[in-house]
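Chemist: The structure follows.
Residue numbers (the numbering used here): 72 to 372.
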């Protein structure tokens, strides 16, 4: 009987803890949504597409989104300039996987894990390798919520290039493609930088491939990725390297004879999240309070 009573007490305490825990995070979540709706608007700085925001606004119709587009390094400069002027206008920023290091080095970030709200996000056992993933040296500032392997490094105009003509990346050095390749500038960050880095460290390509590509092939260097896509679709150039996300490429090349060409090397693609020091409260799902102003998205991408 005594053992039975102990079991009952343990079960009661466990259930009480579960119920209390559920009530705690649910109440916090509801308060966050309410505060975001009262604020009514937030600014999203992004280097990529933002079609998911339409779903966000359907779910939270009282919260409107102002989008500011640009390259990762351009948005970084803008954010830092605004900070120096005492203006903290970027509520949410997606600036790639490299630019956040500049914010980290400038000590403009704060640890993110303590601000998570949803239990499925806080529970590290539910994440890959059973833990939260970070890419900063201290493992607490630049959070990686998603990652994938990408092989879409090259795009071509299907009326100018046959897939059988490109069996490896070294085929891009063929005399036939001289002055017919446009590359995104690796000095400008974003896709150009990450693509060049992938090739540089690939054991079958490396610095030698990049040196020959830029010195022998008379490539056109573009700092505008969308412009480069248009050039390939309009037959000004036959090949684009490196190509980035499929959705952006498909949108720009819609109705044109352009296609992806996928071969090794593989490269890792991921999104990162970080908090600036002016955001004292943030949930992993995109809800946070900046100087008393709340923002929210359970479906933030």
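From the three backbone atoms N, C-alpha and C, an ideal C-beta is built for every residue, glycine too.
Treat the numbers as computed from the prediction; the structure is a model and nothing was measured.
Return the bridge partner residues of residue 112 from the DSSP annotation.
Modeler: According to DSSP, residue 112 bridges with 135.
Chemist: Specify whether the stretch 95-104 and the stretch 187-196 touch according to this definition: at least 3 beta carbon pairs, one from each stretch, less than 8 Å apart.
Modeler: Yes: the two stretches touch, three or more of their Cβ pairs being nearer than 8 Å.
Chemist: Is the stretch 251-270 close to the stretch 137-145, with three or more CB pairs under 8 Å?
Modeler: Touching, yes, given that three or more Cβ pairs across the two stretches are closer than 8 Å.
Chemist: Take residue 198 and list the residues in its own chain whose beta-carbon comes closer than 8 Å to its own, dropping the five residues that flank it on each side.
Modeler: Excluding residues within five positions, the ones whose Cβ falls inside 8 Å are 204.
Chemist: Between the stretch 229-245 and the stretch 203-217, do three or more beta carbon pairs fall short of 8 Å?
Modeler: The stretch 229-245, when compared against the stretch 203-217, does not touch it at the 8 Å Cβ threshold.
Chemist: May I ask you to list the residues that DSSP assigns as paired with residue 164?
Modeler: According to DSSP, residue 164 bridges with 116.
Chemist: Might you give, ordered along the chain, the residues of its own chain that have their beta carbon closer than 7 Å to the beta carbon of residue 114, omitting 5 neighbours on each side?
Modeler: The answer, listed in chain order, is 137, 139, 160, 161, 162.
Chemist: Of the residues 273, 272, 229, 244, which one's Cα is nearest the Cα of residue 390?
Modeler: Any question about residue 390 goes unanswered here, given that the chain covers just 72 to 372.
Chemist: For residue 264, which residues of its own chain have a beta-carbon under 7 Å away from its beta-carbon, when the five flanking residues on both sides are left out?
Modeler: Counting only Cβ-Cβ distances below 7 Å, and skipping sequence neighbours, we find 169, 257.
Chemist: In three-state DSSP terms, what is residue 156?
Modeler: In the structure shown, residue 156 sits in coil (DSSP, three-state: anything other than H, G, I, E or B).
Chemist: Where does residue 150 fall in DSSP's three states?
Modeler: Here residue 150 sits in helix by DSSP.
Chemist: Secondary structure at residue 144, three-state DSSP: helix, strand or coil?
Modeler: Three-state result, residue 144: helix.
Chemist: Once DSSP output is grouped into helix, strand and coil, what is the label at residue 298?
Modeler: If DSSP states are grouped into helix, strand and coil, residue 298 belongs with the helices.
Chemist: Pull the bridge partners of residue 310 from the DSSP assignment, please.
Modeler: In the DSSP output, where bridge partners are listed per residue, residue 310 has 227, 252.
Chemist: How many Å lie between residue 179 and residue 195 at the Cα?
Modeler: In a straight line, the C-alpha of residue 179 is about 25 Å away from that of residue 195.
Chemist: Ordered along the chain, which non-local residues of its own chain (more than five positions away) have a Cβ less than 7 Å from that of residue 118?
Modeler: The answer, listed in chain order, is 141, 142, 143, 146, 165, 166, 167, 261.
Chemist: Please determine, among 226, 224, 310, 200, the residue with the shortest C-alpha to C-alpha distance to residue 247.
Modeler: Residue 310 is the option with its Cα nearest to residue 247.
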